[in-house]
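**Student:** In this note's numbering, the protein residues as written are 1 to 251.
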Ligand SMILES: Cc1cc2nc3c(=O)[nH]c(=O)nc-3n(C[C@H](O)[C@H](O)[C@H](O)COP(=O)(O)OP(=O)(O)OC[C@H]3O[C@@H](n4cnc5c(N)ncnc54)[C@H](O)[C@@H]3O)c2cc1C
Ligand code: FES
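1) So, is residue 122 buried or exposed, given that buried needs 16 or more other C-beta atoms within 10 angstroms?
2) Around the C-beta of residue 229, are 16 or more other C-beta atoms found within 10 angstroms, so that it is buried, or is it exposed?
3) Say the cut is 7 Å; is the CB of residue 214 nearer than that to a heavy atom of ligand 2?
4) In its own chain, which residues sit with a C-beta less than 6 Å from the C-beta of residue 131, not counting the 5 before and 5 after it?
5) Quick check on residue 206: buried or exposed, where buried means 16 or more other Cβ atoms within 10 Å of its Cβ?
6) In the DSSP assignment, what residue or residues form a beta bridge with residue 183?
7) If you reduce the DSSP assignment to three classes, tell me which class residue 250 lands in.
8) Around the C-beta of residue 4, are 16 or more other C-beta atoms found within 10 angstroms, so that it is buried, or is it exposed?
9) According to DSSP, simplified to helix, strand and coil, what is residue 70?
10) Count the other CB atoms, across all protein chains shown, that sit within 10 Å of the CB of residue 175; report buried if there are 16 or more and exposed otherwise.
Below, the structure written as structure tokens:
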């Protein structure tokens with residue numbers, strides 16, 4: 001689908017916020033689904049990028065960090081230009097967590113799909129965000145608007161708690177906080193600790209997995225992810241969201 005890039009800005013060096021005009025995607029988008037974006041013409045593969053928000057049934061927002069060739073090419077796009085995008089793809093989060101407050105835990109680029117989820121949940125959630133340092137910390141005000149409480153952690157302590165976001169999770173649970181479900185997206189070691197902590201405390205947990213992709217639509221199995229029952233599931237088609245209990249984080 002060809003979608004016009006209507007707005008672009010750089011949130012911090014190398015981190016781009018794009019808004020595209022695409023009613024077909026905006027009308028269907030669910031939190032946790034992703035776009036498969038053609039970067040720089042047919043010489044490159046598509047790259048998966050999470051839907052960060054869908055606005056007015058017309059505009060779709062996504063935020064991406066420049067990592068390699070594909071995202072570097074995409075970062076050169078200018079407002080007015082059309083982008084070739086497939087989506088919305090994948091299953092997305094189940095935004096009905098049952099009675100009580102949900103908790104959203106994001107790390108690094110994993111925070112982006114959680115904003116739309118925070119806005120869609122029936123009750124404002126608590127949100128825990130982990131960053132490398134103060135310079136990497138973005139979107140805190142937007143999460144604050146959509147959340148009940150926001151807790152920040154950074155590796156070097158330059159913003160919020162010094163340490164891992166999972167340390168905040170453990171201390172909140174130890175102090176008696178109750179959550180109906182935990183949703184998480186971010187680095188694998190972080191999501192593993194979140195999923196284990198949820199399991200130990202009998203809390204339902206949904207994790208959004210990141211794998212390198214080929215086709216993005218279930219045809220090539222490039223994105224296979226190991227499950228605890230020994231099977232493999234496709235992150236693009238069966239996921240990217242899975243139950244924390246079903247993913248084999250060591251597989
Ligand atoms: C479902 C999904 C949603 C995503 N959402 C976002 C998002 O909202 N914002 C964002 O910035 N990024 C997101 N990503 C990651 C993004 O797709 C990769 O950063 C991008 O594909 C890198 O492409 P490239 O050509 O720039 O880099 P490449 O040249 O392909 O790779 C550069 C480096 O990044 C590593 N890498 C590439 N892709 C991945 C991957 N999928 N997982 C782990 N490491 C990888 C490579 O090993 C290499 O070291 C998402 C990935 C998935 C699977
Ligand atoms: S990327 Fe081809 S099956 Fe998932």
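We treat Cβ as the ideally placed atom computed from N, Cα and C, and that holds for glycine.
**Tutor:** According to the data block:
1) exposed
2) exposed
3) yes
4) 137 and 154
5) buried
6) 104 and 206
7) coil
8) exposed
9) helix
10) exposed
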